[in-house]
Amino acid sequence: MSEPNATSAPSEATPVISVVIPLYNEEETLPVLAERLTAVLDGVGEPYEVVFVNDGSRDRTPEILRSLHAENPRIKAVGLSRNFGHQTAISCGIDFAAGRAVIVMDGDLQDPPEVLPGMIARWREGYDVVYAIRQKRKEGPVKRAAYKSFYWLLRKVSYLDIPLDSGDFSLMDRKVVDLLRRMPERNRFVRGLRTWVGLRQTGYEYARSARYAGRSKYSLTKLMRLAFDGLVSYSFVPLRAVSNLGLFVSLSALLYMAYLLTARLLGDRTIQGWTSTVVIMLFLGGVQLLSLGVIGEYVGRIFDEVKQR
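Using the working numbering, read the sequence shown as starting at 1356 and increasing by one per residue.
Below you can see the structure in the form of structure tokens.
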């Protein structure tokens, strides 16, 4: 990844609140988002900054960001050289955020800015992380079922307890942000890292809105990839499951071999058919390929971390 291009100017005071928002082709939503967000933050009464991360947008998003910054220096923009993905864009924005509290939210107005004062109030009560919990999802039944299945599975196979219907929309204290920035891993699952650090955390319920314009940039395929990143990053269960499967297959093969030897000693000279042999060979070959695939995923991630790219 090339060095991000940042557009900023000295502000009148060190920000207390930083809002990080990743963007990808949000030209229709961006002006309305900026207007609503600044109105809310002006009412909070604390110095603030808004850090927009342009994740390789191909529409007028960069041009609109320059215009917004010219009108309000507290609105800053970080431009990535291409589309690196939602989680990377969030991490980049967190690196640039200077506030004592850092809020992460999406740029499609499904995370309404009007919720922020309530989350900030919880932070002032002493909580280090305030994660937003959706009261009702606006997605279709397939995506809702996929989300519920993922969180259920993640709780079962990992040491993380990410609340159901919570996402990346959250407020983090500076101590949490500093901990996240010390973690060098590249394949990030931000809500998992946020949960992993611990400290005092609480939820804040809100009504999630529908998209203001356009359609979701997170396809079902991307959501499945994000879920897989979360599972592999925080659980060794896939590796252990493959090991257990290999052990079961090996024991079964030994028992079957013992059965054949016993039958031969007792005078059974029936020649075994090719069908069972081929089936067993294919089954074992599939297990081996599955095992190599899972192990390869972990090795690939080790390679990615070692590169420190």
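Every residue, glycine too, gets a C-beta built ideally from N, C-alpha and C. In this text, all values refer to a predicted model and were calculated from it rather than measured experimentally.
State yes or no: is the C-beta of residue i within less than 8 angstroms of the C-beta of residue j?
| i | j | result |
| --- | --- | --- |
| Ser-1564 | Ile-1458 | no |
| Pro-1377 | His-1441 | yes |
| Lys-1431 | Glu-1401 | no |
| Arg-1536 | Asp-1450 | yes |
| Thr-1557 | Arg-1429 | no |
| Ala-1444 | Asp-1466 | no |
| Leu-1396 | Gly-1462 | no |
| Leu-1464 | Val-1387 | yes |
| Val-1597 | Val-1649 | yes |
If I follow the unbroken alpha helix (DSSP H) through residue i, where does it start and stop?
| i | result |
| --- | --- |
| Arg-1489 | Run containing Arg-1489: none in the alpha helix (DSSP H); it sits in the beta strand (DSSP E), 1484-1489. |
| Gly-1547 | 1545-1551 |
Distance, Cα to Cα, residue i vs residue j?
| i | j | result |
| --- | --- | --- |
| Pro-1327 | Ala-1500 | Residue 1327 cannot be examined here, being either before or after the span of the chain that is shown, 1356 to 1664. |
| Met-1527 | Leu-1602 | 44 angstroms |
| Met-1538 | Ala-1394 | 34 angstroms |
| Ala-1364 | Val-1375 | Caution applies to Ala-1364, whose pLDDT of 45 falls short of 50 and renders its modelled position unreliable; the model cannot decide the point. |
| Val-1433 | Glu-1381 | 15 angstroms |
| Glu-1358 | Arg-1437 | Its pLDDT being 46, under 50, Glu-1358 is placed unreliably in this model, and the value from its coordinates should be taken loosely. Between Glu-1358 and Arg-1437, the C-alpha separation is close to 11 angstroms. |
| Leu-1522 | Arg-1546 | First, the residue type needs correcting, since residue 1522 is Gly and not Leu in the sequence shown. Whole-angstrom Cα-Cα distance: 6 angstroms. |
| Cys-1447 | Phe-1524 | 16 angstroms |
| Glu-1469 | Thr-1416 | 23 angstroms |
| Ser-1366 | Ser-1504 | With a pLDDT of only 47 at Ser-1366, under 50, the local geometry of the prediction cannot be trusted, and no value is derived from it. |
| Ile-1419 | Leu-1435 | 15 angstroms |
| Leu-1392 | Leu-1548 | 26 angstroms |
| Tyr-1379 | Arg-1413 | 8 angstroms |
| Leu-1606 | Val-1654 | 27 angstroms |
| Pro-1496 | Thr-1617 | 55 angstroms |
| Arg-1529 | Leu-1519 | 25 angstroms |
| Phe-1583 | Leu-1621 | 51 angstroms |
| Met-1356 | Leu-1534 | Residue placement at Met-1356 is poorly supported in this model, since its pLDDT is 47, which falls under 50; the coordinates still yield a value, given next. Roughly 22 angstroms separates the two Cα atoms. |
| Ser-1646 | Arg-1595 | 10 angstroms |
Need the endpoints of the beta strand (DSSP E) that residue i sits in, please.
| i | result |
| --- | --- |
| Thr-1557 | 1556-1561 |
| Asp-1523 | 1521-1528 |
| Pro-1377 | 1372-1378 |
Write down the C-beta distance between residue i and residue j rounded to the nearest angstrom, noting that I regard them as a contact closer than 8 angstroms.
| i | j | result |
| --- | --- | --- |
| Met-1474 | Val-1485 | 5 angstroms |
| Ile-1488 | Glu-1560 | 5 angstroms |
| Val-1531 | Leu-1554 | 6 angstroms |
| Val-1371 | Gly-1454 | 6 angstroms |
| Leu-1610 | Val-1642 | That belief does not hold up - the Cβ atoms of Leu-1610 and Val-1642 are roughly 16 angstroms apart, past 8 angstroms. |
| Val-1406 | Ala-1452 | 5 angstroms |
| Gln-1490 | Ala-1562 | 5 angstroms |
request  = Please specify which runs of the alpha helix (DSSP H), each continuous and at least 4 residues long, are wholly inside the segment 1399-1474, giving them in chain order.
outcome  = Here the runs fully enclosed are 1416-1426 and 1441-1451.
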